[in-house]
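Right, one structure below, let's go through it.
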Amino acid sequence: MKNRLFIILIFILAVFWGSTSWGQDKTAPEIFFKEKAFTADEVVEGTYIEHTYPVYNRGNALLKIRKVSPG
């Protein structure tokens, strides 16, 4: 009976540990964009289009953007 109770307790602790954020790094950077996409309406050929995407860091560590490429 004690072995059974011990196994059940270990199982409950494992499930609880896996469902919490204890094992996650709290100091990691977390990139966030309010706007996910930009769609330009009709554009005359040769027209220069510019759009700015604000980038936010919701994490507690420095966010380093090393490479940016279009869609």
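Read left to right, the sequence shown gives residues 2 to 72 (my numbering). We put the beta carbon where it would ideally sit given N, CA and C, even for glycine.
{"Check": "For Arg59, the nearest candidate out of Phe33, Ile50, Phe39 (CA to CA)", "Outcome": "Phe33"}
{"Check": "C-beta contact flag for Glu36 and Tyr49 at 8 Å", "Outcome": "no"}
{"Check": "Thr40 versus Leu6, Glu31, His52, Glu46, residue with shortest Cα-Cα distance", "Outcome": "His52"}
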